[in-house]
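Here is the structure we will look at, set down as structure tokens.
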Amino acid sequence: MEKRGTHGRAGEEGRGKAEKVGREGTRRNLKREALKLARALEKAAKQREKDQAKREKEELKLAKQREKEEKARQKEAEKAEQQQLKQANKLRDKHACTAEMILEIDPAAVTESSGGILVAAVQAVQARVSIATQPIPTAMRWRRRVTRVWDSDAEAWRPCEERVEAEPFALVRLAAAELSRAVVRSGVGVGVGVASNMSGVREMHEGVLAAYPGAKPIYLVEGIKEFMKQRARLMDQCIKSGIRGGAAQAAGTAALPPRVATKDELDAAMLWLQMQGDCFVQVSETIDESTRYIVSFTTSISTVPERKSRSQHALRLNFGDAVKCGTDMTDIWRRMLMEVKPCNELVAEAIVGRYPTYRSLIAAFNERGARSGAAAASLLLADIEVERVKTVRPIGQALSRRIYKAFMSTDAEFAIFDPHSGG
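Residues in the sequence shown are numbered consecutively from 2, following my numbering.
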């Protein structure tokens, strides 16, 4: 019994040890698995960090590439803008300006015998012709293809999207007979000098202004000479008819001749249109002459913006040249000296080094003149040495006299720079 009990305890102890060994093995396995898992997690974390760094590097590379491309696009856009600005501010001659113009003509005017001649003449100067119904069939107006606008602040042209704008002018072809009817409606009698009553002409002019609001009318009065010849023939016929039918006329049965304006009355009407109507009047006698005038008006109107911009430039000093501004008093003094040709920058520097201000030079001129006379004073600057590229030479007597005369002359007619004298 005792032996069996001993074996039982030994077995239990063996099982306990086995269980303990098993548990320790399990813990070791779990520890190895945990360590393995931790290493895997650490490796995965490092891989993620590596991938993240790689992505950030690629994104940075792409961002730099996009920034580079954006800068290139901006540079290209700025270059194109500068090119457009340069092209917009390029001086345009009469032919370039005329090519922008569009002359609008009523269809009725084109169907006339002179219509084809006018269209061909306008197209010959590179302007375009547009057939559009006009408020007045005998009138025409101009439009312009605008590709630039004037910037008054920058005093330069700015490119813009092309658009068509109306010009502030309208031309009315006015037959002499029609002008005569307007004069007759005014009730002006024969023998009146400058007509005081121009109600009919005013009514006609107001009709044109209403048809083309904001436009300045140009009246092309056609065929006055031929009209006056017809008037003379009509009056002659009336006189002859009156002589032949004297008895009937005495009885009051003869018809009176139609009222026709005289040459003086037509001249008075045209004068009224120019002075009171504030418009331009041109007289033409033939179709060819009228065509030439219309083409001339087209080219003249086309250059109005260009001439206006040039005149604004010309308001500056030296007819368009920018005023030369100095950075300080010494620089201003140096630039003053350089206005006396051929005093260049090196010569001016040498003079400024000896006489740093305008007053110092004038005082030296006066002192030398009081002591030795004007001739000696004019040579004051002759011995000042000028350092040139490889040599050192004095200013010389000729230039010294020229500078002296420029600053000391009391002759109001003396020109510092005379382009006709070669310097």
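Note that beta-carbon positions come from the ideal geometry of N, C-alpha and C, so glycine has one too.
Under three-state DSSP, which class holds Gln283? If you number the sequence shown from 1, residue 283 lands on position 282. DSSP, reduced to helix, strand and coil, places Gln283 within a strand of the structure shown.
Is it right to say Met236 is buried, meaning 16 or more other beta carbons lie within 10 angstroms of its own, or is it exposed? Here residue 236 is taken as the residue at index 235 of the sequence shown, counted from 1. Met236 comes out exposed.
Give me the residue from Leu172, Ala171 and Asn198 with the minimum Cα distance to Ala183. Walking along the sequence shown from the start, residue 183 turns up at place 182. Measuring from the Cα of Ala183, the nearest candidate turns out to be Asn198.
From Arg164 to Ile225, what distance separates their C-alpha atoms? Translated into positions along the sequence shown, residue 164 becomes position 163. Translated into positions along the sequence shown, residue 225 becomes position 224. For Arg164 and Ile225, the gap between their C-alpha atoms comes out near 40 Å.
Bounding residues of the beta strand (DSSP E) (the contiguous stretch that carries Ser131): Walking along the sequence shown from the start, residue 131 turns up at place 130. Its beta strand (DSSP E) spans residues Arg129 to Ile132.
If you follow the beta strand (DSSP E) that Thr148 is in, where does it begin and where does it stop? Walking along the sequence shown from the start, residue 148 turns up at place 147. Counting along the chain, the beta strand (DSSP E) containing Thr148 begins and ends at Ala140 to Asp152.
For Lys91, does the three-state DSSP call read helix, strand or coil? Counting from 1 along the sequence shown, the entry for residue 91 is found at position 90. Lys91: coil per DSSP, three-state reduction.
Contact check, Pro138 vs Ala110, beta carbons under 9 Å: To locate residue 138, count along the sequence shown from 1; it is residue 137. To locate residue 110, count along the sequence shown from 1; it is residue 109. Result yes, Cβ atoms of Pro138 and Ala110 sit closer than 9 Å.
Mind checking Ala140: buried by the 16 CB within 10 Å criterion, or exposed? By one-based count along the sequence shown, residue 140 stands at place 139. It counts as buried.
Count Cβ pairs between the stretch 82-94 and the stretch 159-173 that sit closer than 8 Å; are there 3 or more? Because the criterion of three Cβ pairs below 8 Å is met, the stretch 82-94 and the stretch 159-173 touch.
Can you tell me whether Glu101 is helix, strand or coil according to DSSP? Residue 101 sits at position 100 when you count from the first residue of the sequence shown. Glu101: coil per DSSP, three-state reduction.
So who's on the other strand from Phe170, going by DSSP bridges? Along the sequence shown, one-based indexing puts residue 170 at 169. The partner list for Phe170 (beta bridge, DSSP) reads Lys217.
Lys309 versus Gly116: straight-line alpha-carbon distance, rounded: Taking the first residue of the sequence shown as 1, we reach residue 309 at position 308. Taking the first residue of the sequence shown as 1, we reach residue 116 at position 115. Those two C-alpha atoms are separated by around 32 Å.
Is the beta carbon of Ile103 less than 9 Å from the beta carbon of Leu172? The count along the sequence shown starts at 1 and reaches residue 103 at position 102. The count along the sequence shown starts at 1 and reaches residue 172 at position 171. It is not a contact, given that the beta carbons lie outside the stated cut-off.
Mind checking whether Ala100 and Gln127 have CB atoms under 9 Å apart? On the sequence shown, residue 100 is found 99 positions in, with the first residue counted as 1. On the sequence shown, residue 127 is found 126 positions in, with the first residue counted as 1. For Ala100 and Gln127, yes; Cβs fall inside 9 Å.
With DSSP collapsed to three states, give me the class of Ala262. Locating residue 262 in the sequence shown gives position 261, where the first residue counts as 1. Reduced to three states, the DSSP call for Ala262 is coil.
Among residues of its own chain, excluding the 5 on either side of His206, which ones have a beta-carbon nearer than 6 Å to its beta-carbon? Locating residue 206 in the sequence shown gives position 205, where the first residue counts as 1. Short of 6 Å from the beta carbon of His206, and not among the five residues preceding or following it, lie these beta carbons of its own chain, in chain order: Gly278.
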